[in-house]
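In the working numbering, the protein residues as written are 1192 to 1658. Quick reminder that beta carbons are idealized off the backbone N, C-alpha and C, glycines included.
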Ligand SMILES: *[C@@H]1O[C@H](CO)[C@@H](O)[C@H](O)[C@H]1NC(C)=O
């Protein structure tokens, strides 16, 4: 790809330059003919080499793809038992991350009774997934807490790309020609070259299916949270936001205060994910990191976890690499809010009074602990609690972190009692027109209550707290 864009940049100025030259130097008879021959020769050479480069690239692509299985089916079939088991414990729900785009599958695991007072939603940070949290989910579920953890779109078992149909105007874009040659075969490219002296697809205006990697930003994150909380009946939700998930959710939290009971911030600096995104971005580095078990394990040990078993590390690598997850993660890394101001956020109307607990690793590094102290100072309402693990939770400290979450959510006021009583007086007072058919509307509300109980509860709570 790098080669192609470079050529494009070089070729365009050349073509542009040659045309004005022939115009400006038109009075003398000889120079134009010279420039004519050069412009005639140039495109041919250019397209000739271009076609060759494309052939080489496609050849290497087919070689590489034969080395590493790319299609999702093969990927699923080759999963190690530990991931198969994780997958079989979860289910996929459909979420729309962008208006007018198709829905994407969001993988989730769930434990505990749905009528619990606490509805915990654990959202993992960049590069991480619900797989990291399955032990915490199990721990909380065993303590009768309703708990869900999801893989954000673009990571884990969730969809990592979508196919979008777009109008495509073929033109001078080399990428289009490259795609065209890839699609129609190399000989098509050479045929074109022989017939016309260049490879052209200018007449093409077509609807094209484009596969886009899902790159979650703050807005998309908000849509994911809204839809997951709604469809899984988690309101009022106790959010557990790990790593970069906090920064991406911050806006949604301040705007949807009514849906949220509490927030746990788990080892999270809004714009500094534990897994450095550049190792997945820089060519060669990314091939080494994602291509080698050993290198990936070293990276995890350096940035995320205190110690990790080979099987666990390999599972993370497979989840990250599979179905082109790398691109989604890199895209997400670029959409982090690097100007996020924690102190400003904690002072927002929607955040003041929100119960927050900060769970932070004290055993990772001195610097990390100091960062935790700073975050804690910026969030005066948050209780600061430490744990002994790394920046990604693992099996050996899942119980510790799970216990801390449990202690926090069970210390909060119970939502259910207030909830059942509040919507009814609200409906009576708020709707004088409907007063006559109280029975009808009452039934309706009751019927409705099952599907959208969450929203009603949340609004009830919101009013309660606002006053
Ligand atoms: C980024 O952070 C700033 C400062 O906290 C905030 O005002 C802004 O809304 C955030 N942007 C997004 C897209 O979250």
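- Using a cutoff of 7 Å, the CB of residue 1435 does not count as near ligand 1, since none of the ligand's heavy atoms is closer than that.
- When DSSP reads this structure, residue 1482 sits in no beta bridge, so it has no partner.
- With contact defined as three or more Cβ pairs closer than 8 Å, the region 1399-1419 and the region 1342-1349 are in contact.
- Taking every residue with its beta carbon within less than 6 Å of a heavy atom belonging to ligand 1 gives, in chain order, 1409, 1442, 1528, 1530, 1531, 1532, 1535 and 1536.
- The DSSP-derived three-state label of residue 1354 is strand.
- With fewer than 16 neighbouring CB atoms inside 10 Å of its own CB, residue 1354 falls in the exposed class.
- Close CB contacts of residue 1528 within its chain, under the 7 Å cut and outside five residues either way in sequence, are with 1409, 1438, 1461 and 1462 (chain order).
- Each of 1401, 1365, 1419 and 1350 was checked against the Cα of residue 1314, and the nearest Cα belongs to 1419.
- Taking a contact to require three or more Cβ pairs closer than 8 Å, the region 1553-1561 and the region 1368-1378 do not qualify as touching.
- Distance from the CA of residue 1478 to the CA of residue 1245, rounded to the nearest whole angstrom, comes to 21 Å.
- Rounded to the nearest whole angstrom, the C-alpha separation of residue 1538 and residue 1427 is 21 Å.
- Minimum Cα-Cα distance from residue 1549 among the listed residues 1278, 1432 and 1512 corresponds to 1432.
- Beta-carbon to beta-carbon, residue 1405 and residue 1288 are separated by about 6 Å, close enough to satisfy the 8 Å threshold.
- Nearest Cα to residue 1603 within the set 1266, 1453 and 1489: 1453.
- Only exposed fits residue 1235, as fewer than 16 other CB atoms lie within 10 angstroms of its CB.
- In the DSSP assignment, residue 1565 falls within the unbroken alpha helix (DSSP H) covering 1557-1569.
- The C-beta of residue 1489 has fewer than 16 other C-beta atoms within 10 Å across all chains shown, which makes the residue exposed.
- The three-state reading of DSSP puts residue 1501 in helix, counting H, G and I together.
- By the Cβ-count criterion, residue 1302 is buried, with 16 or more other Cβ atoms from all chains shown falling within 10 Å of its own Cβ.
- Straight across, the Cα-Cα distance linking residue 1329 with residue 1300 is about 10 Å.
- Our two residues, residue 1297 and residue 1435, have alpha carbons roughly 18 Å apart in a direct line.
- For the 8 Å CB-CB criterion, residue 1589 and residue 1327 form a contact.
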